Amino acid sequence: MKKKTKKKHIIFTIILIIIIVILLTLIGISSINIYNWHKDNKDIEEITETINKNVEINDIKDSDNQNITIIKPETNTTNTSIYWTYTKMDLMDVNLDELKKMNKDTVGWLSVSGTNVNYPFVQTSDNDYYMKHSFNKTKNSAGWIFLDYRNNLDIFDKNTIIYGHSRIDKTMFGSLKNTLNKSWYNNKENHIIKMSTDKYDSLWQIFSIYHLPNTNDYLQTVFNSGEEFKNFTSMLQNRSIYKFETAIDEEDRILTLSTCHNNTPKEKLVIHAKLIKYSSKEK
């Protein structure tokens with residue numbers, strides 16, 4: 256009996272040691288992850304401060320610019336429609352020259368009303384690099400906001416796509432979750448996205464917001480016909496958690512913002528907006 260008791264005690268001790276080792280390992284890994292997360296956040300904060308010191312953001316009124324183009328909807332839109340209220344909003348103009356000196360991949364600046372999104376965005380030859388690198392090209396789990404490598408900002412593509420991580424501290428695209436709040440939706444002034452690039456300052460009206468399990472069907476950029484594009488945008492509108500009552504025509508150009516939802520890579524939060532007004536920077 257003593258031998259069996261001793262053997263049981265040895266087995267129990269071994270199991271206990273294994274459990275302790277596993278717990279210590281998990282604690283160590285968690286501590287490292289927490290340290291790295293805070294370090295990445297601090298780096299992003301410092302980079303953002305440097306960016307803001309080197310950039311000037313200006314509101315451009317229609318009276319200040321003669322190159323304004325308003326996209327008139329082909330479908331019936333009454334003169335009292337909020338669409339026309341949106342088209343009277345100021346454009347945002349950002350000179351990207353200093354930012355390009357910091358990072359030659361800089362292609363534009365994005366601002367989403369009712370959120371913290373107010374950043375330059377970048378573009379490179381793939382959709383992977385800026386998932387793990389910040390604006391200064393150092394490795395960072397926060398990544399940076401970036402344009403799909405297939406898009407060309409010299410023209411307005413049928414679907415311009417911008418990606419960003421959904422950070423818990425609401426940096427990058429983390430504050431896009433604000434759009435899921437009814438209070439955000441109820442403020443109609445929030446339904447606008449502003450963008451500034453080398454060639455254009457533009458205004459976009461949101462027409463769909465939703466979250467769904469991971470899929471890439473909303474990332475299409477080329478369409479073979481106006482009908483295919485119309486069917487595509489109808490799919491996006493039907494998914495929306497809100498009814499924006501925004502008419503989309505075959506000739507429209509749309510903007511897509513894509514991020515993770517609930518910190519789950521397999522679930523996406525997606526926002527779509529259509530181009531309603533722009534100004535050419537070319538003189």
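This note's numbering applies: residue 256 is where the sequence shown begins, and numbers increase by one.
We treat Cβ as the ideally placed atom computed from N, Cα and C, and that holds for glycine.
A quick note: this is a predicted structure, and the numbers were derived from the prediction, not measured.
| Check | Outcome |
| --- | --- |
| Would you give the residue range spanned by the beta strand (DSSP E) that serine 513 belongs to? | 509 to 516 |
| I'd like to know whether the C-beta atoms of histidine 516 and histidine 466 end up nearer to each other than 8 Å. | yes |
| Tell me the start and end of each unbroken alpha helix (DSSP H) in the region 430 to 471 that is at least 4 residues and wholly inside, in chain order. | 437 to 441 |
| Give the straight-line distance between the Cα atoms of threonine 488 and asparagine 358, rounded to the nearest whole angstrom. | 34 Å |
| Can you find at least 3 beta carbon pairs, one from the region 454 to 465 and one from the region 475 to 485, that sit closer than 8 Å? | no |
| What residues are listed by DSSP as bridge partners for isoleucine 315? | Leu346 |
| What three-state label does DSSP hand valine 276 in the structure shown? | helix |
| Buried or exposed for serine 546, please, with buried defined as at least 16 other CB atoms from any protein chain shown within 10 angstroms of its CB. | Since the first and last residues shown for the chain are 256 and 538, residue 546 lies out of range. |
| Taking the alpha-carbon of asparagine 246 as reference, which of Glu537, Asn391, Ile410 and Ile447 has the nearest alpha-carbon? | What the structure shows of the chain is the stretch from 256 to 538, and residue 246 is not part of that stretch, so it cannot be assessed. |
| Tell whether a beta-carbon distance below 8 Å holds between tyrosine 533 and threonine 342. | no |
| Using 10 angstroms around the beta-carbon of threonine 268, count the other beta-carbons present and answer buried if the total reaches 16, otherwise exposed. | exposed |
| Between which two residues does the alpha helix (DSSP H) containing serine 489 stretch? | 481 to 494 |
| Find out if the Cβ-Cβ distance for the pair asparagine 382, aspartate 352 is shorter than 8 Å. | no |
| Run the CB neighbour count on lysine 523, radius 10 Å, all protein chains shown included, and call it buried at 16 or more, exposed below. | buried |
| Counting along the chain, where does the beta strand (DSSP E) carrying glutamate 522 start and finish? | 519 to 535 |
| Roughly how many angstroms lie between the CA atoms of threonine 303 and isoleucine 417, to the nearest whole one? | 18 Å |
| Spatial neighbours of valine 349 within its chain, please: C-beta separation below 7 Å, excluding the five flanking residues on both sides. | Val310, Ile312, Trp364 and Ser451 |
| Give a yes or no on whether the C-beta atoms belonging to threonine 514 and phenylalanine 428 are separated by under 8 Å. | yes |
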